[in-house]
Amino acid sequence: GSSARASEDGVCGNPRTPRSLCVSQSEMVQGEVRERHFPWCTLCIALMALVCNICVLIGNLKTASAMNELGSSTQGWSRVGLGMARSLEVELDAKMTEVSRQLLDSLSHISIVQDAMDTVISIVGNETDKALNNATALLQQDPQALVLMQQGQSPVDALVPLISSTVHQVLVSMHHKVSTLLQELVNLLRPALKQVSEWLQKFGETIQNSLEAFSVTLDRVQKIFDQLMQQLNGHGNNVETVLNESVSLFNTDNSGDIDIDDLHTVADLYSVTALKGDKAIELMEKYDDSGDGQLQYSEMKELIQDPSVPDLMPVVLRTYARRMSEVAGNVKAARMRDEVALAVSQYLGLVCAKNLTRATWVADALSNGSLSLEFTTDLVAQMCLNNDDPNLLTSADIGKIMVQLMYELHPGRTLGMLDLMSNTTFWVSEGFSAQDQPGCLRVFTEWIMDAKLTTTKPPGSFRTPWKPGAGNKTVIEMLAGPWQTTADKEVLLAMPVAAQRLAEEGVTLLLLEEQHARRAAQERLFSSMGSQHLLQHLLGGVAAGDAKNPSATTKAVGAGQMARPETLEWAQWLANNASDRADAYQSECFDYSSQSSSALDSFATQIEAMVSRVEGFLNVMLKYSTPAAMDRLEKQVMEFTDEAVGDVLKVVEERLVYQLNNSVPIVEGAVRHAAHEAGEKLGHMIGDALGTPMGKAMKEPIQEVVGNLAEGSDASLRIGEKLGDKLAKVISNLSSAILGDQVGDAMEDLVVAGLKAAGGALGNMHLDLGLVQERSVGLPPLVSGVWEKMAQLL
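Numbering (the working numbering), first residue to last: 81 to 874.
What follows is the structure in structure tokens.
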């Protein structure tokens, strides 16, 4: 019995044995067999477990497939973004550079065309006056030439064709030159305008809207990827790396420690709203264990990971990396000297905000003579102009830091930059505004003065020779000399103000010299009455090249000088270095936060900004770049070619008529005088011819009368002979005077009658020739206006 119970307990006591199978030994012995049941519950549980496992398997497979598709989609979107970036960087940038170069060449050519137009007016006017003066002088000196030239015409009819033919020969030659220059200008503009016309079609409103919509979609996809990756990955384990890279960005003033002002500056520069207001003060009080108002590295490590400011490190570092990537693109794309200088100054602003070691490398390259002095001077000038730029990611004085480094490494070369910047002519030729030079020169002098006062180098290390050139010799020599006493220091402190005042005087002198040169050039070009008359009628009294110097064209051409090959090579190295560092920072931020962008980062915003800049450029060029505009430009050039000569001749003829009409009274007086003199001479000849025979005829009767009175003596005969000769002379003189006056008056009356007839012919001249002294109101304009239209177009 005990063994049976043990057996029963062994079978039924097992908790895993189903109750339906649990049959006691005693029951089996007694022959009592219970009814058996099928285990449906167990089967259902097993089936459900199997189904769940299958569902999990299917879900895992689908998730894996979705992740695979997600990876493919990510790769596809990445290719789209990279393709767009490559298109903008390679294709659009190359085209924009080419168009810029062509437009700059066109600007230079425009100045040549303007000078040629002014020269034509000057030469034609001078030749007109010269020919007119020669003709008038000839008529006054030889009145008989007037009768020979007139041939029954008025003096104006006789002289105008002669002088016009002389002027026409000169005009045709000069006009051909201007027309050739205009055609060359059109040929220079046509490729650039054609390219802009293609952009107008490709970047039309529809394309711009599509591009903006695509960028918004791409931005949304990026945010979705970021959220998904953050959920799957979480934060990485490279906290120390990101912290080391980020802490230096919080030290915005390069003082070595981080205070409350640095936190506020970071909040403004990087748009970190969590640090604005009282939050920065709260965090400072919370983590400033030493209580000195300065955060050390260990304290900053705790603050930067505070949960109330999530992802503070990647936000700041990613913003810095994005800005560095943009600057790298600008440096890489720059070709002109001013573009390279501007882009490098922006690069230095980023470098000095984070890494002074790299700034030292750049300072050495700028001041060791490997780069041209003109470029490095332009770069320092650009840093002076950007000194108050609010977009810099640092509150430190970038220019002061760089000049300090350059002066410590190569003081002579740095003083050479200051000397060249002091040259106002160089400053203006580089495309800078003359009014900006005094302020920039003062700032640059202050930077060098601070570097000289704070340097730790021994005096012997500063013996780098530099001979001042056309700049401020006194200031350069003072800065180059040693300083040891308090008086020397006071002199150094006064140098910036002195440099500014001397620069102001230089700018004033340059502007006066340019004004005097322009006035002298205009007086030389338009010194004659004829050239002034042409200038007034053809160009409205304003010369084609008359503009405030330095004009916008001069500035653009000066600033658009191509950078030297060594400068471009060095800039390419900077761009590659910046791109590599930006990629490394972005990768570190992604590994840490599992996100490729911050909440405020927007690819769509960048695309929209790019589209806006392109749209602005296209809108400016729209007036000249459409097919209709290009046809209109060529038509205007052809119209000038066809009408310019005729307009000049019309003005010349009007000038001739006016001048000759004023000269005719003088010629008439000369003719009257000559006619009267001729009449008097003729009267004297007639008097002589009549007086001598009459005197001889009266000689014998007088001798007879005197002889009768003297009773025929010899004396009476001699007296009678003398009286006869005297009477003959008196009769001859009287007849000559009377006849001379009468004949002279008759000759003068004949000339006056002839001149009156000529005056009647002058009044009946045809108006189409434009040969009238006064133009009636209501007649069409004298000229077509092509000269003034062309000057306005240029």
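No residue lacks a Cβ here, since even glycine has one placed at the ideal position from N, Cα and C.
Here the structure is a predicted model, which is why all the values come from computation and not from measurement.
Whole-angstrom C-beta distance between residue j and residue i, which should lie under 8 Å
i, j, result
"V396", "L329", "5 Å"
"L614", "V717", "Between V717 and L614 the Cβ distance is about 21 Å, and since that is not below 8 Å, they are no contact."
"Q591", "A514", "According to the sequence as given, residue 591 is Leu; it is not Gln. Sure, about 7 Å apart at Cβ, within 8 Å."
"M529", "L572", "5 Å"
"G610", "D198", "With a Cβ gap of about 14 Å, G610 and D198 do not count as contacting."
"L430", "M404", "5 Å"
"M416", "M147", "M416 to M147, Cβ: 49 Å. No contact."
"S447", "T399", "Incorrect: roughly 31 Å between the Cβ atoms, too far for contact."
"A443", "L451", "12 Å between Cβ atoms; not a contact."
"K366", "L323", "Incorrect: roughly 18 Å between the Cβ atoms, too far for contact."
"N331", "I340", "About 13 Å; that fails the 8 Å criterion."
"A662", "G511", "So it is not a contact: roughly 30 Å between Cβ atoms."
"S388", "A354", "7 Å"
Coarse secondary structure for residue i, derived from DSSP in three states
i, result
"L428", "helix"
"L849", "Confidence at L849 is low in this model, with a pLDDT of 36, below 50, so its placement is unreliable and the value that follows should be read with caution. Helix at L849."
"L451", "coil"
"I687", "helix"
"I384", "coil"
Any C-beta of chain B under 8 Å from that of residue i
i, result
"D337", "In the structure shown, chain B cannot be found, because there is only a single protein chain."
Rounded C-alpha distance that separates residue i from residue j
i, j, result
"M176", "Q182", "10 Å"
"N657", "T440", "15 Å"
"L873", "L262", "12 Å"
"V508", "G621", "28 Å"
"T505", "L392", "49 Å"
"G865", "E719", "10 Å"
"E570", "P518", "21 Å"
"L654", "L465", "22 Å"
"A423", "G409", "9 Å"
"L702", "N467", "35 Å"
"C432", "I481", "8 Å"
"L713", "E723", "15 Å"
"D524", "V460", "One point to set straight first is that residue 524 is Phe, not Asp, in the sequence displayed. Roughly 8 Å separates the two Cα atoms."
"R166", "L485", "36 Å"
"E585", "N503", "12 Å"
"P491", "A360", "42 Å"
"S259", "L251", "12 Å"
"E734", "K869", "21 Å"
"E593", "E603", "15 Å"
"Q275", "A708", "15 Å"
"A550", "K715", "Note on A550: pLDDT 45, under 50, position unreliable in the model; no value is reported."
"Q307", "L269", "51 Å"
N- and C-terminal bounds of the alpha helix (DSSP H) containing residue i
i, result
"R661", "P645 to S673"
"I138", "W120 to R166"
"D348", "I340 to L349"
"T525", "Q517 to T534"
"L375", "Taken as a continuous stretch (DSSP letters only), L375 belongs to no alpha helix (DSSP H), as it is neither H nor E."
"T504", "T504 to S509"
"R116", "R116 -> no alpha helix (DSSP H), and no H or E assigned at all."
"L619", "M609 to L619"
"F937", "Residue 937 cannot be examined here, being either before or after the span of the chain that is shown, 81 to 874."
"Q45", "This structure gives no information on residue 45, because the portion of the chain shown stretches from 81 to 874."
"G409", "L392 to A413"
"K366", "K359 to Y367"
"D499", "P491 to M501"
The ligand GTP heavy atom lying under 7 Å from the CB of residue i
i, result
"N467", "As far as ligands go, the structure on display features none, and thus does not contain the ligand GTP."
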